Amino acid sequence: MPIPASQPLPPPDDSAAARTGGTVTDRLIEANESYAAAFTDPGMDARPVLKVAVVACMDARLDLHAALGLELGDCHTIRNAGGVVTDDIIRSLTISQRALGTRSVVLIHHTDCGLLSLTEDFRHDLAAEVGQRPTWAVEAFKDLDEDVRQSIQRVRTSPFLPHTDDVRGFVFDVTTGLLREISPRR
Ligand SMILES: [Zn+2]
Numbered sequence: 022m023p024i025p026a027s028q029p030l031p032p033p034d035d036s037a038a039a040r041t042g043g044t045v046t047d048r049l050i051e052a053n054e055s056y057a058a059a060f061t062d063p064g065m066d067a068r069p070v071l072k073v074a075v076v077a078c079m080d081a082r083l084d085l086h087a088a089l090g091l092e093l094g095d096c097h098t099i100r101n102a103g104g105v106v107t108d109d110i111i112r113s114l115t116i117s118q119r120a121l122g123t124r125s126v127v128l129i130h131h132t133d134c135g136l137l138s139l140t141e142d143f144r145h146d147l148a149a150e151v152g153q154r155p156t157w158a159v160e161a162f163k164d165l166d167e168d169v170r171q172s173i174q175r176v177r178t179s180p181f182l183p184h185t186d187d188v189r190g191f192v193f194d195v196t197t198g199l200l201r202e203i204s205p206r207r
C-alpha cells in the first residue's frame, strides 16, 4: 500500500529515471529487452504446478516468490491493496480454481500495512473531492489478525469456490520476513 493521502508524501524519487534519462516505464522497457534477450520458452502449462493461489497485499516490500520458496509456474499470485478478499479477488480465485486447477488458498496480510492507517473517511473525502462516490469499499482495518480471519471466512463461504478445505491465512512481518499463521474463526 502506498502512504495514505492524509500523510505528507515524500518527494518523488527520480533517481531511476535519472539513470536512464527516461521515465520509470522507459527503464522497465529497457530491462525487458535484456530479459527477453536471455529468455527461453519454458514450455509451461498455464495451470500452477503447486495448485495454489496466493492472495496478498500489493505492498512493494513483499517478495512472495522469495518469501515462500516459489518458482515460476508454481502458483497464482493475486494482489490488491491490503490483500483483502473483495469480489474481484473471488472472481480471480473462481477462475483459478475452476479453469486452472488450483486447490489451496494462502492469504497474506502484513505488518505496517497502509490500510491500518486508513478509515472509510478516505472514501468520503474522495467522494467530496471528485463529486462521485466510489462503488468500492476502502476495506481499511485496525486489527490485522481479525482481518485475516475475515478474509479466510469470505473465501470459505464463497458459493463460487469448489475448494475451500485448504484455506490458510498469515501475517508477514516486514521487519523479519517471517510469516505468522492466524487461526481461523471458529
Ligand atoms: Zn499492505
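Mapping the sequence shown onto the numbering used here, position 2 (from 1) lands on 23, and the numbers just tick up by one. Glycine included, every Cβ here is placed at the ideal spot set by N, Cα and C. Here the structure is a predicted model, which is why all the values come from computation and not from measurement.
query	result
Beta-carbon gap between I173 and L128 smaller than 9 angstroms	yes
In DSSP terms, what A158 is bridged to	According to DSSP, which records beta bridges pairwise, A158 is partnered with nothing at all.
Contact test: M65 Cβ vs ligand 1 heavy atom, cutoff 8 angstroms	no
Euclidean distance between Cα positions of P63 and P69	13 angstroms
Integer Cβ distance of D80 from C134, believed to fall under 8 angstroms	7 angstroms
Length at least 3, wholly inside the stretch 65-106: the beta strand (DSSP E) runs in chain order	73-78, 96-101
Backbone CA spacing between L93 and H131 [nearest angstrom]	23 angstroms
Span of the alpha helix (DSSP H), counted from its first residue to its last, around R206	Counting along the chain, R206 falls outside any alpha helix (DSSP H), and DSSP gives it neither H nor E.
For S125, the three-state DSSP class (helix, strand or coil)	strand
Inside the stretch 145-199 only - alpha helix (DSSP H) runs reaching at least 4 residues	165-177
H184 versus S125 - alpha carbon distance	7 angstroms
The stretch 175-192 contacting the stretch 115-124, beta-carbon criterion three pairs below 8 angstroms	yes
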